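Okay, so the sequence shown: first residue is 276 according to the numbering used here, each after it adds one. No residue lacks a Cβ here, since even glycine has one placed at the ideal position from N, Cα and C. Quick caveat, the model's predicted, so the values are computed rather than measured. Quick notes on the structure that follows.
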Amino acid sequence: MESMLFNPWKNEDTAIQIRYSSIDAENRTARFPLHWHAYFELEFYLEGDADNVINGKVHKMHAGSLALLSPNDFHKISHESGNLRIRKLTFLPSALSAEAMQALEEYGYPFILNLDELEAEKLYEKFRQLAEACTKANSDTAVGMLRIRCRAEEILLSIFECAAPHQCLLSHPKSSPVLTVIRYINDHLDEMLSVSRLAALVYLSPDHLTHIFKNCTSVSITEYIIEQRMSRAYYMLMDTDMPPADIASAVGYRSIALFYRHFRRRFDAAPGDLRRELK
276 MESMLFNPWK
286 NEDTAIQIRY
296 SSIDAENRTA
306 RFPLHWHAYF
316 ELEFYLEGDA
326 DNVINGKVHK
336 MHAGSLALLS
346 PNDFHKISHE
356 SGNLRIRKLT
366 FLPSALSAEA
376 MQALEEYGYP
386 FILNLDELEA
396 EKLYEKFRQL
406 AEACTKANSD
416 TAVGMLRIRC
426 RAEEILLSIF
436 ECAAPHQCLL
446 SHPKSSPVLT
456 VIRYINDHLD
466 EMLSVSRLAA
476 LVYLSPDHLT
486 HIFKNCTSVS
496 ITEYIIEQRM
506 SRAYYMLMDT
516 DMPPADIASA
526 VGYRSIALFY
536 RHFRRRFDAA
546 PGDLRRELK
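Below you can see the structure in the form of structure tokens.
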């Protein structure tokens with residue numbers, strides 16, 4: 276499951292968020308399917324082992340591992356057994372100082388870094404200080420926002436001091452048909468999406484797009500669309516009082532029966548039953 280600890284700004288253009296994600300060994304409802312963000316995301320692994328597939332390449336993660344993803348990176352996390360705990364810091368460039376963003380550009384991204392035990396303990400303390408600042412802050416005051424920004428930048432500085440620039444850099448797709456399609460899908464989930472329509476968007480044949488999408492993401496276009504719709508439906512189910520039928524329409528389903536079939540397959544429960552169980 277994933278929870279947002281704090282979002283100090285009502286304006287999402289300047290948002291810094293700290294999140295906590297976990298999967299218990301006994302509860303496998305939570306998953307981290309292939310997705311793409313419109314912001315930077317720093318993942319700090321606290322417990323467990325996982326495969327983080329970033330831009331189509333598999334990276335082994337464990338306690339003490341870090342991954343920094345930019346708005347142009349797509350990834351998914353695969354976790355087979357045991358507990359998994361991840362602390363996440365998400366931010367947009369406008370949320371940090373110009374100096375911090377310049378330092379991040381010089382350091383390079385996306386990257387993966389494996390910390391030793393002492394480095395991990397120090398970074399955990401930085402995350403704790405940020406969480407404390409978020410809990411105490413008054414988001415309507417400049418001092419509260421400055422405190423949170425400073426704590427977030429201290430986390431980045433601690434990471435920069437652990438490895439030389441570009442030492443842990445991963446391949447970074449500045450632009451690609453797959454990235455364009457992923458962005459389009461995420462922005463148009465409520466619409467009818469077909470492979471032919473998406474292929475026309477990037478001037479490729481449907482067969483060619485299907486091939487390169489599967490190679491880059493390890494899932495088919497249809498599987499990706501269904502997973503994104505199910506993920507959005509889940510959060511709408513938890514965060515709103517919308518009836519399941521309205522949620523189905525909002526995430527692009529014209530058939531209620533198909534929505535229920537996909538939802539049951541994904542969560543092993545009907546939408547209404549899952550809402551009552553988790554709320």
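Please name the residue or residues paired with residue 526 in a DSSP beta bridge.
DSSP output for residue 526 lists no bridge partner at all.
Say whether chain B places a C-beta atom closer than 8 Å to the C-beta of residue 459.
The structure shown contains no chain B; it holds only a single protein chain.
I think residue 329 touches residue 342, with their Cβ atoms under 8 Å apart; what is that distance to the nearest whole Å?
With 8 Å as the limit, residue 329 and residue 342 qualify as a contact, their Cβ atoms being about 7 Å apart.
Straight-line CA distance for residue 322 to residue 372?
In a straight line, the C-alpha of residue 322 is about 31 Å away from that of residue 372.
Buried or exposed: residue 538, going by 16 or more other Cβ atoms within 10 Å of its Cβ?
By the 10 Å Cβ count, residue 538 comes out buried.
Buried or exposed, going by whether 16 or more other CB atoms sit within 10 Å of the CB of residue 456?
So residue 456 ends up on the buried side.
Between the Cα of residue 337 and those of 375, 390 and 311, spot the shortest distance and give me the residue it belongs to.
Nearest of 375, 390 and 311 to residue 337, Cα basis: 390.
Checking 8 Å against the spacing of the C-beta atoms, do residue 541 and residue 526 come in under that value?
Contact flag unset, no.
Return the Cβ separation of residue 491 and residue 331 in integer angstroms, given the expectation that the two are a contact with Cβ distance under 8 Å.
That pair is a contact at about 4 Å.
Tell me residue 489's beta-bridge partners as DSSP assigns them.
The partner list for residue 489 (beta bridge, DSSP) is empty, contrary to what the question assumes.
Between the alpha carbons of residue 472 and residue 417, how many angstroms are there, rounded?
Their backbone Cα atoms lie some 47 Å apart in a straight line.
Take residue 550 and list the residues in its own chain whose beta-carbon comes closer than 6 Å to its own, dropping the five residues that flank it on each side.
Once the five neighbours on either side are set aside, the close Cβ partners of residue 550 are 512.
Report the option in 432, 544 and 409 whose CA atom is closest to the CA atom of residue 421.
Minimum Cα distance to residue 421 is reached at 409.
Could you tell me if residue 363 is buried or exposed, where buried requires 16 or more neighbouring beta carbons within 10 angstroms of its beta carbon?
It is buried - the Cβ of residue 363 has at least 16 other Cβ atoms within 10 Å.
On a CA-only basis, which of 515, 462 and 481 is nearest residue 504? Give me that one, please.
Residue 462 is the option with its Cα nearest to residue 504.
Return helix, strand or coil for residue 365, following the three-state DSSP convention.
Here residue 365 sits in strand by DSSP.
At what residue ranges does the stretch 457 to 522 contain a whole run of the alpha helix (DSSP H), taking only runs of 4 or more?
Qualifying alpha helix (DSSP H) stretches, in chain order: 470 to 476, 481 to 492 and 496 to 514.
Since residue 388 and residue 437 are thought to touch, with beta carbons under 8 Å apart, how far apart are those beta carbons, to the nearest angstrom?
With a Cβ gap of about 6 Å, residue 388 and residue 437 count as contacting.
Looking only at its chain, what residues have a beta carbon closer than 7 Å to the beta carbon of residue 479, apart from the 5 residues adjacent to it on each side?
Within the same chain, residue 479 has close Cβ partners 452.
Kindly list the residues whose CB is nearer than 8 Å to the CB of residue 547, restricted to its own chain and excluding five residues on each side of it in sequence; keep chain order.
Result list for residue 547: 519, in chain order.
Apart from the five residues just before and just after residue 494, which ones in its own chain have a Cβ nearer than 7 Å to its Cβ?
Answer for residue 494: 309, listed in chain order.
What does the Cβ neighbour count give for residue 483, buried or exposed, with the cut at 16 atoms within 10 Å?
Under this definition residue 483 is an exposed residue.
Using the three-state DSSP reduction, which class does residue 348 fall into: helix, strand or coil?
Residue state, collapsed to three classes: coil.
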